[in-house]
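Every position in the sequence shown, counted from 1, becomes a number in the working numbering once 3 is added.
Cβ coordinates follow ideal geometry from the N, Cα and C atoms, glycine included.
Below is one structure, written out as structure tokens, with a few remarks after it.
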Amino acid sequence: MQWSDRVGRRLKLRDLHILLAVAKSGSMGKAAADLAISQPSISKAIADVEHAIGLRLLDRGPHGIEPTIYGRALLRCGTAVFDELRQGVKQLEFLTDPTAGELRFGCTETMAAGFASAVSDRVTRQHPRVVLQLIPGDSVTLVDRELRQRTIDFAIGPIFRLKLDEDVDAEILFDDQFVVMAGAESKWIRRRKLRLADLIDESWVLPPADGVPGVSIAQTFRAIGLEPPRAQMISFSLPLHYHLLSTGRFLTMLPRSMLRFGKHLPLKLLSVDMPKIPYPTAIITLKNRTLSPLAQLFIACARETAKPLGTESSGS
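See below:
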């Protein structure tokens with residue numbers, strides 16, 4: 004009997020699920036508690052998988068149980084198997100009731116405050132029984148951790164300086180751009196034909212300089228021969244930005260799309276002559292991963308919602 008036939012006949016999904024739980028928790032005892040089964044049942048399931056595969060999959064170390072190189076390879080496949088099963092069940096649920104379903108996606112804070120909120124509003128208005136769960140994070144974390152671990156169906160975010168491996172696909176929706184914003188009480192709101200040099204010594208709240216947004220902002224200033232301003236407050240937090248801008252003292256730079264889809268936000272665009280530094284925003288997915296009908300519906304709605312931004316970019 005061939006090796007693949009032996010594995011196909013002996014490897015059980017239940018045992019593979021237990022292996023995943025043990026690897027995640029790093030302990031057979033914790034996995035037993037999480038799965039509400041006995042520890043001897045856990046040990047037997049692991050032994051059965053190792054017997055079927057013919058390789059040692061787990062090692063006991065000073066910090067608990069760790070997968071061997073063979074275990075890590077099988078765990079990657081196991082994660083994909085159970086993800087495909089979940090997606091299959093979602094498709095069956097969607098086919099039996101196309102107005103309901105659950106979707107998990109990731110995006111940056113600025114996308115959540117503008118574009119992603121607009122798409123979510125359209126989808127939930129058309130399908131009021133769907134449930135959307137948004138996982139916030141920077142694009143690197145969303146792709147390298149959440150997407151690869153299949154805890155999200157896809158990510159929406161900038162791909163500026165993002166290294167995309169061969170198994171990741173990015174569909175660009177629009178080119179965003181960082182612009183200068185202030186609060187309603189700012190003395191600069193009514194000024195026209197401002198230059199970045201006019202604002203360099205103001206109080207700024209900006210994202211960290213070593214992050215993707217910070218690098219793009221620095222490029223904007225350096226494109227006209229200026230070093231970026233020394234921020235008085237450094238943070239990704241949008242609520243903090245809103246509060247400091249409301250004082251009238253602070254300025255910031257945020258993506259233009261936030262104003263297009265977040266008209267309720269306490270932000271005012273300043274009339275500043277800006278160099279155009281592309282900041283492409285994309286739907287990021289894993290290749291060869293089956294997307295649920297609801298995920299496909301959301302992505303189609305995202306394409307439609309992004310069309311005005313594409314027109315604005317080409318016309319500006």
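Going by CA-CA distance only, name the one from Ile302, Ile287, Asp62 and Thr250 that's closest to aspartate 172. To locate residue 172, count along the sequence shown from 1; it is residue 169. Nearest option by C-alpha distance: Ile287.
Out of curiosity, what's the CA-to-CA distance linking leucine 289 and arginine 151? To locate residue 289, count along the sequence shown from 1; it is residue 286. To locate residue 151, count along the sequence shown from 1; it is residue 148. Arginine 151 has its alpha-carbon roughly 8 Å from the corresponding atom of leucine 289.
If you follow the alpha helix (DSSP H) that aspartate 51 is in, where does it begin and where does it stop? Residue numbering aside, residue 51 sits at position 48 when the sequence shown is read from its first letter. First-last of the alpha helix (DSSP H) with aspartate 51: 42-56.
Let's see if you can read the secondary structure: which residues bound the beta strand (DSSP E) around threonine 154? If you number the sequence shown from 1, residue 154 lands on position 151. That residue, threonine 154, is in no beta strand (DSSP E); it is neither H nor E in DSSP.
Within the continuous beta strand (DSSP E) that includes methionine 256, where are the two ends? Residue numbering aside, residue 256 sits at position 253 when the sequence shown is read from its first letter. Residues 253-258.
Starting from the C-beta of leucine 23, find all residues in its chain whose C-beta is less than 8 Å away, skip the five residues before and the five after it, and write them out in chain order. Here residue 23 refers to the residue found at position 20 of the sequence shown. Sequence-distant partners of leucine 23 (beyond 5 residues in either direction) whose C-beta falls short of 8 Å from its own C-beta, in its chain, are Leu78, Gly81, Thr82 and Phe85.
Rounded to a whole number of angstroms, what is the C-alpha to C-alpha distance between threonine 308 and alanine 116? As a working mapping, residue 308 is identified with position 305 in the sequence shown. As a working mapping, residue 116 is identified with position 113 in the sequence shown. Approximately 15 Å between the Cα atoms of the pair.
I believe proline 258 touches isoleucine 237 by the beta-carbon criterion, under 8 Å. Please report the beta-carbon distance rounded to the nearest angstrom. For this step, residue 258 is matched to residue 255 along the sequence shown. For this step, residue 237 is matched to residue 234 along the sequence shown. With a beta-carbon spacing of about 18 Å, proline 258 and isoleucine 237 fall beyond the 8 Å limit used to define contacts.
Phenylalanine 163 to alanine 76, Cα distance in whole Å? One-based indexing of the sequence shown puts residue 163 at position 160. One-based indexing of the sequence shown puts residue 76 at position 73. Between the C-alpha atoms of phenylalanine 163 and alanine 76 there is a straight-line separation of about 31 Å.
What residue range does the alpha helix (DSSP H) around aspartate 37 cover? Mapped onto the sequence shown, residue 37 falls at position 34. 31-38 is the extent of the alpha helix (DSSP H) around aspartate 37.
Minimum C-alpha distance to arginine 107 - residue among Gly64, Asp178 and Glu149: Position 104 of the sequence shown, counted from the first residue, corresponds to residue 107. Measuring from the Cα of arginine 107, the nearest candidate turns out to be Glu149.
Proline 216: buried (16+ other C-beta within 10 angstroms of its C-beta) or exposed? The sequence position of residue 216 within the sequence shown is 213, counting from 1. The residue in question, proline 216, is buried, as its Cβ has 16 or more Cβ neighbours within 10 Å.
Cβ-Cβ distance between alanine 35 and serine 41 below 8 Å: The count along the sequence shown starts at 1 and reaches residue 35 at position 32. The count along the sequence shown starts at 1 and reaches residue 41 at position 38. The Cβ-Cβ distance between alanine 35 and serine 41 falls below 8 Å.
Any idea which residues DSSP pairs valine 84 with across the strands? Counted from its first residue, the sequence shown places residue 84 at position 81. In the DSSP output, where bridge partners are listed per residue, valine 84 has none listed.
Roughly how many angstroms separate the alpha carbons of serine 319 and histidine 66, rounded to a whole number? Looking up residue 319 in the sequence shown gives position 316. Looking up residue 66 in the sequence shown gives position 63. Confidence in serine 319 is poor, its pLDDT being 43 and thus under 50, which makes the residue's placement too unreliable to answer from.
Contact the segment 273-281 vs the segment 85-95: 3+ CB pairs below 8 Å: Result no; under three Cβ-Cβ pairs closer than 8 Å.
Helix, strand or coil, according to DSSP, for proline 70 in the structure here? Residue 70 sits at position 67 when you count from the first residue of the sequence shown. If DSSP states are grouped into helix, strand and coil, proline 70 belongs with the strands.
Alpha-carbon spacing of glutamine 180 relative to serine 260, whole angstroms: On the sequence shown, position 177 is the one that residue 180 refers to. On the sequence shown, position 257 is the one that residue 260 refers to. Cα-Cα distance, rounded: 8 Å.
Own chain residues within Cβ distance below 7 Å of leucine 268, not counting five before or after: If you number the sequence shown from 1, residue 268 lands on position 265. Within the same chain, leucine 268 has close Cβ partners Ala116 and Met261.
For isoleucine 175, count the other beta carbons within 10 Å of its own beta carbon; 16 or more makes it buried, fewer makes it exposed. Which is it? In the sequence shown, counting from the first residue as 1, residue 175 sits at position 172. Exposed, since its Cβ has fewer than 16 Cβ neighbours within 10 Å.
Three-state secondary structure (DSSP) of glycine 91: Numbered from 1 along the sequence shown, position 88 holds the residue referred to as residue 91. Taken through DSSP and simplified to helix, strand or coil, glycine 91 comes out as helix.
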